[in-house]
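Quick note on numbering: the sequence shown equals residues -19 to 80 in my numbering. Note that CB positions come from ideal geometry on N, CA and C, so glycine has one too. Since the structure is predicted, the reported quantities are computational estimates derived from the model, not experimental observations.
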Amino acid sequence: MIPIRKTVKMSSRISFRMPSPWREEMNFIQGNIAKIRIKNNSILINACNQYTTEVSSTIGEGGQIYIPTEVRNHFRLKGIECFKVFIDVVNKYVILRPFE
-19 MIPIRKTVKM SSRISFRMPS PWREEMNFIQ GNIAKIRIKN NSILINACNQ YTTEVSSTIG
41 EGGQIYIPTE VRNHFRLKGI ECFKVFIDVV NKYVILRPFE
C-alpha cells in the first residue's frame, strides 16, 4: 500500500480527485463507475466497468470521485472526518483511512 500524501476532510468536501499518475493505471476514467465500500473502518474505492448494486459513484472529470451521503453519514456518526489516501496497486483500490 502506497501513501500518496493527500488528505480528504469529509466535513468540507464531498468529493476528491485522484492524482493523475494513478488515474490511468487504476482505470479511473471519466464516465466509469467507482464502487465504494466500507471495510475495517476504511473506505475502499475501485473502478468498475459494469453496473453494480453496491454503493457507487460515477467518476468525473479529472478523476473526481463523489463520496455518497450514506458513506459520509456513517463516518460522521462515528466522529471521523479526516482521511488519508492510500493506493493498493495489487488489488487496484484507493483506500481512505481515518487520519490519526
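Going by C-alpha distance, which of the options is nearest residue i?
i	options	result
glutamate 4	Glu80, Pro78, Val69 and Ile75	Val69
asparagine 26	Thr38, Asn20, Lys72 and Ser(-9)	Lys72
phenylalanine 79	Met6, Val35, Ile47 and Ser22	Ser22
Going by DSSP, name the residue or residues bridged to residue i.
i	result
isoleucine 9	DSSP lists no partner for isoleucine 9.
leucine 24	Arg17 and Ile75
threonine -13	Lys64
State yes or no: is the C-beta of residue i within less than 8 Å of the C-beta of residue j?
i	j	result
methionine -2	glycine 40	no
phenylalanine 66	isoleucine 13	no
Could you give the first and the last residue of the continuous beta strand (DSSP E) run that contains residue i?
i	result
phenylalanine 63	62 to 68
serine 37	36 to 38
To the nearest angstrom, report how far apart residue i and residue j are at their CA atoms.
i	j	result
lysine 64	lysine -14	6 Å
leucine 57	lysine -11	15 Å
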